Amino acid sequence: MGRQKINAFVTGSLLAGGLACGAGNVLAYEPGDFILRAGVASVQPDESSSALNINGGTVAGTGVGVDGDEQLGLTGTYMLTSHLGIGLLAATPFEHDIKANGLGLDAGDSKQLPPTLTLQYFPMEPSSAFQPYVGIGVNYTAFFDEGVDSDLEAFLGESGDLELDDSIGLAVQVGFDYAIDEHWLLNASVWYIDIDTEADFKFDTVRIKADVDIDPWVYMVGVGYKF
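According to the numbering used here, the sequence shown is numbered sequentially starting from 181.
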């Protein structure tokens, strides 16, 4: 699924590049420029997990699922040179529902913030209206406001708590800016982020654990302004 979306994204980028050929020199990226972008950011986990470990025993055919979410996304790029920039991804908190796969239960929910820092490379001439870029860097994901769903509590007959470990991982990015004039631009970008955590459900008499690779694709479309 992720590859199909990436292929569509790249195709759109190439079409935008073709349109840019006649756009004129309306935007120039220079050292010291700062580009601020805002738009809709969508986190779509490509998750996998270990089987649930319940009180020390592994239950075959079970696991953890994580739903996606959309929030306000913000990115900024500071141009070090005409072709290299430092990029930062931020957003309002994403909220994810957590499923107990194999048990057919809603297990919990959590909020998370995924600040991501990347070194970005812009291959086009600085004066081009179409500015594709690629990036690689590091992500730190902080989980907070975790909670156990009432479905799981009713199933076990106990109230409980949920803890998710914070994560540090690799992030890669591809995107493009398309200039409207010398300051305003359109933007689209996608990240693949390595996010690994341990889900730990704690009840009075039951302990449930699972290692979860969330590994989301993050998509964002929006507008930007070059300072």
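We treat Cβ as the ideally placed atom computed from N, Cα and C, and that holds for glycine.
As the structure is a computational prediction, the values presented were derived from the model and not from experiment.
- Between the alpha carbons of GLY402 and GLU305 lies a gap of roughly 23 Å.
- Note that the segment 374-393 does not touch the segment 249-265; fewer than 3 beta-carbon pairs, one per stretch, sit closer than 8 Å.
- Comparing alpha-carbon positions, the option among PHE383, PHE323, PRO312, ALA270 lying closest to ALA368 turns out to be PRO312.
- It is roughly 42 Å from the alpha-carbon of VAL392 to the alpha-carbon of SER308.
- Ranked by Cα distance from PRO273, the options LEU207, GLY245, ALA221, ILE360 are led by ALA221.
- Its chain contains SER339, GLY340 as the residues whose beta carbon lies nearer than 7 Å to that of GLU333, once the 5 sequence neighbours on both sides are disregarded; these appear in chain order.
- Secondary structure at LEU332: helix, using DSSP grouped into helix, strand and coil.
- Per the C-alpha coordinates, the member of VAL239, VAL386, GLY212, ASP289 positioned closest to TYR258 is GLY212.
- CA-CA distance, ILE348 to GLY315, rounds to 17 Å.
- Annotated as proximal: ALA231 and GLY282, with beta-carbon spacing under 9 Å.
- In the three-state reduction of the DSSP assignment, GLY212 falls in the coil class, being assigned neither a helical nor a strand state.
- The DSSP assignment places complete beta strand (DSSP E) segments of no fewer than 3 residues inside the segment 334-373 at 340-344, 347-359, 364-373, in order along the chain.
- Going by beta carbons, THR321 and GLN292 fall inside the 9 Å limit.
- Scanning its chain for C-beta atoms nearer than 8 Å, with the 5 sequence neighbours on each side dropped, one finds around ASP331 the residues LEU285, ASP286, ALA287, in chain order.
- Across the set GLY404, PRO225, PRO294, the C-alpha of GLY404 shows the shortest separation from the C-alpha of ALA359.
- Between ASP345 and PHE323, the C-beta gap is smaller than 9 Å, which places the two residues in contact.
- PRO295 is classed as exposed because its beta carbon has fewer than 16 other beta carbons within 10 Å across all chains shown.
- In the displayed model, ASN235 falls within coil according to three-state DSSP, outside both helix and strand.
- Assigned with DSSP and collapsed to three states, HIS276 falls in strand.
- The beta carbons of GLY327 and LEU350 sit no closer together than 9 Å.
- Residue burial is scored here from C-beta neighbours: ALA280 has at least 16 other C-beta atoms within 10 angstroms and is therefore classed as buried.
- Counting along the chain, the unbroken beta strand (DSSP E) around ALA271 starts and ends at 264-271.
- In terms of Cα proximity to THR298, the closest of VAL386, VAL354, GLY245 is VAL354.
- For ILE375, there is no enclosing beta strand (DSSP E), as DSSP marks it with neither H nor E.
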